[in-house]
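Start counting the sequence shown at 1; every next residue gets the next number (full-length UniProt numbering). Below is one structure, written out as structure tokens, with a few remarks after it.
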Amino acid sequence: MAKESKLTAGVAAALTVVAACALCLLLPATARAQLRVGFYDTSCPNAEALVRQAVAAAFAKDAGIAAGLIRLHFHDCFVRGCDGSVLLTVNPGGGQTERDALPNNPSLRGFDVIDAAKTAVEQSCPRTVSCADIVAFAARDSISLTGSVSYQVPAGRRDGRVSNATETVDLPPPTSTAQSLTDLFKAKELSVEDMVVLSGAHTVGRSFCASFFKRVWNTSTNPATAIVDAGLSPSYAQLLRALCPSNTTQTTPITTAMDPGTPNVLDNNYYKLLPRGMGLFFSDNQLRVNPQMAALVSSFASNETLWKEKFAAAMVKMGRIQVQTGTCGEVRLNCGVVNPSSYSSSSAVELGSSAPAAVGEEGYAAS
Numbered sequence: 001m002a003k004e005s006k007l008t009a010g011v012a013a014a015l016t017v018v019a020a021c022a023l024c025l026l027l028p029a030t031a032r033a034q035l036r037v038g039f040y041d042t043s044c045p046n047a048e049a050l051v052r053q054a055v056a057a058a059f060a061k062d063a064g065i066a067a068g069l070i071r072l073h074f075h076d077c078f079v080r081g082c083d084g085s086v087l088l089t090v091n092p093g094g095g096q097t098e099r100d101a102l103p104n105n106p107s108l109r110g111f112d113v114i115d116a117a118k119t120a121v122e123q124s125c126p127r128t129v130s131c132a133d134i135v136a137f138a139a140r141d142s143i144s145l146t147g148s149v150s151y152q153v154p155a156g157r158r159d160g161r162v163s164n165a166t167e168t169v170d171l172p173p174p175t176s177t178a179q180s181l182t183d184l185f186k187a188k189e190l191s192v193e194d195m196v197v198l199s200g201a202h203t204v205g206r207s208f209c210a211s212f213f214k215r216v217w218n219t220s221t222n223p224a225t226a227i228v229d230a231g232l233s234p235s236y237a238q239l240l241r242a243l244c245p246s247n248t249t250q251t252t253p254i255t256t257a258m259d260p261g262t263p264n265v266l267d268n269n270y271y272k273l274l275p276r277g278m279g280l281f282f283s284d285n286q287l288r289v290n291p292q293m294a295a296l297v298s299s300f301a302s303n304e305t306l307w308k309e310k311f312a313a314a315m316v317k318m319g320r321i322q323v324q325t326g327t328c329g330e331v332r333l334n335c336g337v338v339n340p341s342s343y344s345s346s347s348a349v350e351l352g353s354s355a356p357a358a359v360g361e362e363g364y365a366a367s
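Listed below in structure tokens is the structure:
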């Protein structure tokens, strides 16, 4: 009887969590409205300053970490919303996490910076600041360091309890067409303009060869033969071919700057490179072939101030995707694992999981 009572209690607890999470998923507009600037002004007034210090310390050692932190926020928000699920190393429900999935491993970085920031914040304000908010703050601070762009981040996100590798199908791969980019962003309530604006983040960071080598090598022949993909400058293709061998695989460790001119500066150079055939990814070139997107590219190439204003606004908008607030989710004590009390209930049922995705040979950008 005792075992049955414990089992019944466990099931009841699990169902309670499921019901609460289901309610959160049904009220996205309400959750977004609960985010606000200065959320921690009273409960942890130095939270943003502590995150900023952690980011600045990492940036002083490696300027490239800023691009990694910007991308980390993007990859968090596009899968299950901005809930810190990309940080989890273990999924209580079993299976591979987002962090270990092909779009994120081995290219995604910045986890150690988030952990450092979380440690500092926990020492100052225990059990108060979510990992999801720290990721959003760190991305903002990285944008400030690389592009001198400042904006306020509405906070109040809660951390999710589930992370599924299969759900990374929501992330746009570097082989995306203009239509698939439009569809993927629309699914997150982001417009075509938002997509073109956020693509400008490719002006910082690096990419593994696996993300683009098939634009310069035809691997269907034996041996592989040199090619120049549509929209790619022949001279740029030659440089990429010299860098990336024809037998490149997912584990080939070679990387290149996505913006060879100003790789660590958040500027509008990305848009200037596209008409010159120097968009590194197939998806980058798609912004040229679609008339609506091409007009935006031209506008941002000629007006950096305009792009930066829209970029800051788009980052705030992206940061509101499917957030959990209020009593939904939790505030993790360790960003890599859900809180111990969550294990029994989280493993019982997983909400909103996608069907398993076929893993192909496509690569994904590094940062």
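Beta carbons are placed, not taken as given, at the ideal position from N, Cα and C, and that holds for glycine.
> Among all the DSSP beta bridges, which residues are the ones paired with F208?
Replying inline: T255
> If you count every other CB in all the chains shown that lies within 10 Å of the CB of A58, and 16 or more means buried, which is it?
Replying inline: buried
> Does the stretch 259 to 276 touch the stretch 299 to 316, meaning 3 or more C-beta pairs lie closer than 8 Å?
Replying inline: yes
>> Going by beta-carbon coordinates alone, are G110 and I65 separated by less than 8 Å?
In response: yes
>> Ignoring anything shorter than 3 residues, give me the beta strand (DSSP E) runs that lie fully in the stretch 74 to 132, in order along the chain.
In response: none
> For P172, is the classification buried or exposed, using 16 other Cβ atoms within 10 angstroms of its Cβ as the cut-off for buried?
Replying inline: buried
> Taking the C-alpha atoms as reference points, what is the distance between S345 and L35?
Replying inline: For S345, the predicted structure reports a pLDDT of 43, less than 50, and the residue's modelled location is therefore unreliable. A value from the coordinates is still provided. Approximately 26 Å, taken between the alpha carbons.
> Could you give the residue range of the alpha helix (DSSP H) that holds M318?
Replying inline: E304 to M318
>> Rounded to whole angstroms, what is the Cα-Cα separation between V169 and M258?
In response: 22 Å
>> Which residue wins for smallest C-alpha separation from N222, given the options A230, Q238, S207 and N247?
In response: N247
> Does the beta carbon of F111 sit closer than 8 Å to a beta carbon anywhere in chain C?
Replying inline: Of the chains in the structure shown, none is chain C; there is only one protein chain.
> Nearest-angstrom Cα distance between G277 and S207?
Replying inline: 17 Å
>> Measuring straight from C-alpha to C-alpha, what distance separates L181 and S341?
In response: 39 Å
>> With the cut-off set at 8 Å, would you say A226 and R241 are in Cβ contact?
In response: yes
>> Please classify L26 as buried or exposed, where buried requires at least 16 neighbouring CB atoms within 10 angstroms.
In response: Confidence at L26 is low in this model, with a pLDDT of 47, below 50, so the placement of that residue is unreliable and no value is reported for it.
> Going by alpha carbons, who is nearest to T119 out of V297, V79, Q53 and N218?
Replying inline: Q53
>> Out of T219, E167 and L50, which one is the CA nearest neighbour of G122?
In response: The residue asked about is misnamed: residue 122 is Glu in this sequence, not Gly. For the residues T219, E167 and L50, the minimum Cα distance to E122 belongs to L50.
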